[in-house]
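Read top to bottom, the protein sequences are chains A, B and C. Letter by letter, the first sequence follows residues 3 to 491 of our numbering. Letter by letter, the second sequence follows residues 103 to 230 of our numbering. Letter by letter, the third sequence follows residues 2 to 443 of our numbering. We treat Cβ as the ideally placed atom computed from N, Cα and C, and that holds for glycine. Here's the structure we're looking at; comments come further down.
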Amino acid sequence: MKSVDSMTDAPDQKLLMEHSVPGRRGVRLPPLDVPEQPLPESSLLRDNLPLPELSQPEVVRYFTRLSQLNYSVDTHFYPLGSCTMKYNPKVNDQVASLPGMASIHPLAPEESSQGALKLMHRLQDYLSDISGMAATSLATMAGAQGELSGVLMIRAYHLERGQPQRRTMLIPDSAHGTNPASAAMGGFQVTSIPSDSHGNMDLTALKEVVNDDLAGIMLTVPSTLGLFENDIVEICDVVHRAGGLVYGDGANMNALLGQAKLGELGFDVMHINLHKTFSTPHGGGGPGSGPVCAGEWLAPYLPGPIVEDNGQEYQLTMPAKSIGKVSAFHGNFGVLVRAYAYIRALGGEGLRQVSEDAVLNANYLMAKLKDAYDLSYDRLCMHEVVLSASRQKKQGVRGLDIAKRLLDYGFHAPTMYFPLIVDEALMIEPTEAESKETLDAFIEAMLSIANEVAEDPDIVSHAPHTTPVSRLDEVRAARQPDLRWQPGR
Amino acid sequence: MYPDNRRYSREHEWVLIESDGRALVGITDYAQEQLGDVVFVELPEAGTQLDQSQKMGEVESVKAVSDLFTPLTGEVAEVNQALVDHPELINDDPHDKGWMVRLASVDATQLDSLLSASEYESFLAELG
Amino acid sequence: MAESPTFSPYTPNTPADREEMLRAIGVSSIQDLFGDIPQTFRTPSLSIPPPLSEMELQRELEALAAENHRAVQGPCFLGAGAYRQFIPAVVQAIASRGEFLTSYTPYQPEVSQGTLKAIYEFQTMTCQLFDMEVANAGMYDGATSLAEGALMACRVTRRYKVAYLDTLSPSYLQVLTTYTAAQDVQPYPVSADSAATLEPDTACLVVQHPNFFGYLEDLADLEQAARRAGALLVVSTDPIAAGMIRPPGSYGADIVTAEGQPLGIPMSFGGPYVGLFTCKSEYLRQLPGRIAGRTVDSQGQPAYVLTLQTREQHIRRERATSNICTAEALIGLMATVYLATLGKEGLREVAELCYHKAHYAASIIQDIPGYSLPLNGTFFREFVVQCPRPPAEINATLLKQGILGGLDVSDMIPNGVLLCVTEMNTRDDIDALAAALRELGR
């Protein structure tokens with residue numbers, strides 16, 4: 003069941019500072035080639051720099067062995083719902099590393115970085131087209147920053163129209179935590195809207211809460227349940243008629259590429275996660291990029307800078323009524339290059355095929371697993387399926403345990419306990435980049451675990467058994483925080 | 103199983119009126135079980151004036167945060183300092199050593215609006 | 002060799018695979034799976050150019066890259082928040098390993114010990130660099146880290162004004178303004194003099210050190226000023242400077258942030274970078290971002306896990322310390338590898354190389370007729386030169402000679418240019434720059 007041989011070696015228990023030996027060096031620097039200059043007074047200088055001392059081979063081995071303790075897309079099926087863990091094409095990394103891309107200073111004269119600006123301008127256009135919006139800003143460095151920008155744009159829009167009382171943001175109870183967190187950072191009060199028994203937003207509940215204080219609504223489409231809102235047009239309509247605006251969380255765009263444009267459905271502004279839908283690597287928690295796409299009436303408020311084509315050259319400019327800068331420079335260019343390359347490799351038809359295969363694969367998993375596991379909503383899903391382990395809970399095994407047992411089978415677990423409104427939720431998103439053989443192996447593992455729950459529940463509830471470390475004492479980690487190496491420990 | 107000499111709120115707090123009229127407040131065994139292992143508790147400062155049902159603090163487990171509400175109007179006289187280093191007392195002994203807040207100048211008429219032990223147990227049974 | 006027009010090497014599904022799966026699901030075509038989308042909006046057309054083969058893609062990107070050659074070749078004297086510094090080969094070798102590059106946020110710690118232990122090392126080294134007690138796993142960049150630091154100070158002190166020393170980077174100020182505007186937090190500028198008496202309700206004093214112009218500020222004095230006002234001291238610093246300059250933590254700073262890009266990260270036209278964020282341990286519960294902690298597993302083995310997650314958005318939602326989710330983990334890893342490789346002696350040496358070369362450059366440039374150094378104080382690796390002509394003209398000429406000149410700051414200092422010298426600039430580079438400036442000054 004172990005799928006990576008190196009995992010039989012026990013992990014190195016020492017830290018870099020514990021490997022450190024005085025006098026070892028990891029790299030040589032050239033000698034000073036200018037005359038030595040007078041130093042500042044000693045009170046301004048530091049007397050001790052407590053960093054480790056290691057030779058280069060030690061550094062390489064330490065980090066290489068560390069890497070071997072990870073599951074990753076390159077090594078394992080990684081069906082994390084709403085994360086879109088698809089294959090990260092290597093050519094994208096290659097072109098992003100070209101010196102002409104990787105070594106440009108962000109403040110270099112624009113005449114000397116036209117290639118970079120052209121790439122950004124084209125990417126803006128592609129994302130505007132895909133989202134059905136008028137304009138795009140690439141300045142935001144993650145989805146959450148895209149969300150914050152979006153709500154700040156909505157705020158600016160209402161303030162300019164003399165509507166400062168519009169301080170309420172509506173958010174479905176199934177939403178990702180960044181949505182209410184971003185709304186709060188944007189100075190809004192959050193009102194939660196429940197979902198109905200079909201997994202759609204409760205339209206009646208929505209109509210009851212819209213009033214003159216409404217700034218807008220934040221919607222994920224398809225929702226975090228992997229379901230397309232049947233009443234999406236009416237939801238947008240209700241909000242618009244009440245004077246509010248509709249923000250789209252584009253985390254689940256993998257289901258909609260080339261199938262529908264949020265701008266056409268009635269959304270006013272949205273963000274896209276390049277590190278999800280557009281294949282840029284997750285890196286263990288970033289870098290990401292969360293471009294913001296806006297309809298014409300919101301485009302002037304986009305965060306800046308954006309790239310404009312004045313007919314002769316490409317330039318960085320701030321939109322006329324921009325909410326401001328959200329990064330010191332222009333966004334995560336290295337991530338933008340990868341997304342651009344991905345879009346160029348696929349073309350429009352290729353993007354459409356991504357969503358077709360993503361939705362097909364998820365429905366295939368659902369069809370094969372719905373007998374052994376409870377489905378929260380018995381309808382076709384989109385690119386992800388939410389199972390509930392409530393049946394297994396009655397037999398004493400929880401969703402968490404099933405997730406941990408999957409690790410023994412050589413699969414990364416799906417997303418657990420999200421969305422919050424589903425009991426013992428397991429959110430599974432295969433993506434389009436997995437073969438049917440992999441999907442079948444995963445199905446087999448899930449069915450095998452369902453059997454184990456019935457016949458040998460302990461092996462599930464005490465999983466994982468074959469990973470480099472077993473279940474961790476998270477309570478101790480929170481009660482006795484140990485967040486860094488300390489000397490003399 | 104829930105002591106008779108106390109009153110209970112629907113937010114799963116218990117109140118014990120002490121001999122000097124002050125009120126001792128904590129969370130119930132049901133609450134600590136729902137929370138899981140408590141890792142941190144945030145309590146109000148001494149001297150804080152609270153109205154009944156006002157939020158007075160937070161209890162955290164590894165994966166959840168719960169608000170604490172005062173079951174009675176009153177002034178915070180002292181808080182259980184032992185919980186700073188030993189939040190697990192709330193799990194181990196929620197009705198005694200895991201006490202959280204001692205209130206002075208309480209509005210004792212509000213006790214009637216709270217549940218008795220048997221009423222609280224029925225309430226729990228309904229929650230299923 | 003005709004391929005199906007929709008063949009993608011990134012997607013395994015063949016028509017036969019699709020057929021089989023459709024049968025298992027019980028629908029006849031893939032479009033049946035999109036029935037929930039109202040018909041009027043289905044399958045819109047896209048104006049994306051036709052797909053490129055990998056070879057064509059390489060050619061296309063190489064052509065775009067080639068258009069940027071003047072920004073990339075030749076000596077660089079431009080800093081102002083992004084720096085051309087030495088990147089050891091080890092950094093990219095480790096960062097390109099698929100196990101680091103293509104893994105997700107480590108929510109399943111049993112199979113993410115690589116990422117988690119690397120974060121713990123990152124947190125350790127960030128603290129050691131700035132002499133601080135606690136660090137998070139990194140934020141987007143130096144500017145947003147500073148903005149989050151100011152907001153954190155507001156939460157800790159329950160005050161709503163943020164004082165900033167007027168030598169703060171303009172772009173950092175813009176980001177701070179964006180982040181504080183919607184929360185009714187008011188930033189206001191102070192000078193070195195007016196900092197002595199901060200306004201009441203000031204949550205923190207924000208200082209960039211070395212400042213935007215490259216000069217050190219009087220942190221001892223400014224710390225006193227903050228204390229007098231009951232405010233926190235928030236310092237935005239530079240990690241290379243930390244190799245030789247006394248760290249902000251040693252002055253009692255409450256929150257210290259920095260841009261991590263100089264630590265082995267390519268300039269990459271502005272990102273991705275990583276924001277370093279540290280604070281005193283008493284403020285731990287208000288710290289934004291992810292934190293990795295050390296604990297044990299069920300067998301008693303030491304192991305690492307994301308901890309104190311109740312501060313974060315996925316649990317606390319609208320009451321979270323920040324909305325941040327995806328950050329810059331891989332970039333943090335690169336910085337960690339850089340620091341492990343350079344080490345105690347190496348980082349100090351890099352800092353000293355920068356210092357001496359920058360001071361050499363300053364000394365020969367100020368001897369050129371028409372050029373002077375208008376600012377007083379101690380600088381690290383950046384300094385302002387007042388030129389006899391507009392910097393825009395000077396830089397245009399330098400660019401033709403293949404030299405990237407400093408940042409034009411003539412809107413702040415008449416004919417001022419902000420020059421940066423790092424270990425990557427040779428003596429020949431510096432002498433050539435001086436020669437060019439001399440020519441331009443005639």
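Using the beta-carbon of each residue, which ones in chain C are nearer than 7 Å to residue i?
i	result
Lys139 (chain A)	Note that residue 139 (chain A) is Ser in the sequence shown here, rather than Lys. Going along chain C, no residue has its Cβ under 7 Å from Ser139 (chain A), so there is no contact; the nearest lies around 13 Å.
Leu150 (chain A)	Asn324
Relative to the C-alpha of residue i, which candidate in the options has its C-alpha closest?
i	options	result
Val143 (chain B)	B:Gly128, B:Arg109, B:Thr150 and B:Glu177	B:Gly128
Asn363 (chain A)	C:Glu21, C:Leu420, C:Thr106 and C:Ala67	C:Glu21
Val208 (chain B)	B:Val161, B:Phe225 and B:Val178	B:Val178
Glu476 (chain A)	B:Gln212, B:Ala210, B:Val164 and B:Lys157	B:Val164
Ser411 (chain C)	C:Tyr189, C:Val135 and C:Cys388	C:Cys388
Pro91 (chain A)	A:Ser281, A:His242 and A:Ser99	A:Ser281
Gly189 (chain A)	C:Gln287, C:Thr258, C:Val163 and C:Gln184	C:Gln184
Ala360 (chain A)	A:Ser139, A:Pro81 and A:Glu43	A:Pro81
Arg159 (chain C)	C:Glu122, C:Pro201, C:Thr258 and C:Met140	C:Pro201
Glu224 (chain C)	C:Tyr252, C:Ala204, C:Tyr216 and C:Leu217	C:Tyr252
His178 (chain A)	C:Ser172, C:Ala226, C:Ile325 and C:Pro289	C:Ile325
Ala436 (chain C)	C:Ile414, C:Ile395 and C:Asp409	C:Ile395
Ala304 (chain C)	C:Thr311, C:Gln310, C:Arg312 and C:Arg295	C:Arg295
Trp299 (chain A)	A:Ala183, A:Asn312 and A:Met155	A:Met155
For residue i, does the count of other Cβ atoms within 10 angstroms reach 16, so buried, or fall short, so exposed?
i	result
Asp1 (chain A)	Outside the shown range of chain A (3 to 491) lies residue 1 (chain A), about which nothing can therefore be said.
Val235 (chain C)	buried
Ser5 (chain C)	Because Ser5 (chain C) carries a pLDDT of 48, less than 50, the predicted location of this residue cannot be relied on, and no value is offered for it.
Gly123 (chain B)	exposed
Gly201 (chain A)	buried
Met3 (chain A)	Reliability fails at Met3 (chain A), whose pLDDT of 36 lies under 50, so the model's placement of it is uncertain and no value is given.
Gly276 (chain C)	buried
Asp224 (chain B)	Reading the sequence as shown, one finds Ser at residue 224 (chain B) and not Asp. Looking at its Cβ environment, which holds fewer than 16 other Cβ atoms inside 10 Å, Ser224 (chain B) is exposed.
Gly27 (chain C)	exposed
Tyr189 (chain C)	exposed
Leu343 (chain C)	buried
Met126 (chain C)	buried
Pro166 (chain A)	exposed
Arg229 (chain C)	exposed
Trp116 (chain B)	buried
Thr10 (chain A)	Model confidence at Thr10 (chain A) stands at a pLDDT of 49, short of 50, so the residue's coordinates are unreliable; what they give is reported in the following sentence. Counting Cβ neighbours within 10 Å, Thr10 (chain A) comes out exposed, since fewer than 16 surround it.
Which residues of chain B have a Cβ atom closer than 7 Å to the Cβ of residue i, listed in chain order?
i	result
Ile316 (chain C)	Lys165, Ala166 and Val167
Can you pull the chain C neighbours of residue i, defined as C-beta to C-beta under 8 Å?
i	result
Asp484 (chain A)	Gly294, Arg295 and Thr296
Glu162 (chain B)	Thr311
His200 (chain A)	Within 8 Å Cβ-Cβ: nothing; His200 (chain A) doesn't reach chain C, min ~10 Å.
Asn90 (chain A)	Leu102 and Thr103
His107 (chain A)	Ala72, Cys77, Leu79, Ala83, Arg85, Met268, Phe270 and Leu405
Cys85 (chain A)	Tyr105
In chain A, what lies closer than 8 Å to residue i by C-beta?
i	result
Pro189 (chain B)	Arg481
Who are the neighbours of residue i on chain A, taking C-beta pairs under 7 Å?
i	result
Asp167 (chain C)	Going along chain A, no residue has its Cβ under 7 Å from Asp167 (chain C), so there is no contact; the nearest lies around 18 Å.
Asp139 (chain B)	Val477
Ala304 (chain C)	Val471 and Leu474
For residue i, go through chain A and note every residue whose CB falls closer than 9 Å to its CB, in chain order.
i	result
Phe142 (chain B)	Ala480 and Arg481
Kindly list, in the order they appear in chain C, the residues whose Cβ is closer than 9 Å to that of residue i.
i	result
Trp299 (chain A)	Result: empty, since nearest Cβ-Cβ is about 20 Å, beyond 9 Å.
Chain B contacts from the region 241–271 of chain C (Cβ-Cβ distance under 7 Å): none
Chain-ordered residues of the region 314–336 of chain A with a beta carbon less than 7 Å from chain C: Ile325, Gly326, Lys327, Val328, Ser329, Ala330, Phe331, His332, Gly333, Asn334, Phe335 and Gly336
Residues, ordered as in the chain, of the region 214–229 of chain B that lie near chain C by beta-carbon distance below 7 Å: none
Length at least 3, wholly inside the region 193–268 of chain C: the beta strand (DSSP E) runs in chain order: 203–209, 233–238 and 256–260
Within the region 306–357 of chain C, ranges of the alpha helix (DSSP H) (whole runs, at least 4 residues): 314–317
Interface residues of the region 368–394 of chain C facing chain A [CB-CB below 7 Å]: Thr379
3-residue-minimum beta strand (DSSP E) runs that sit fully inside the region 98–145 of chain A, ordered along the chain: 137–139
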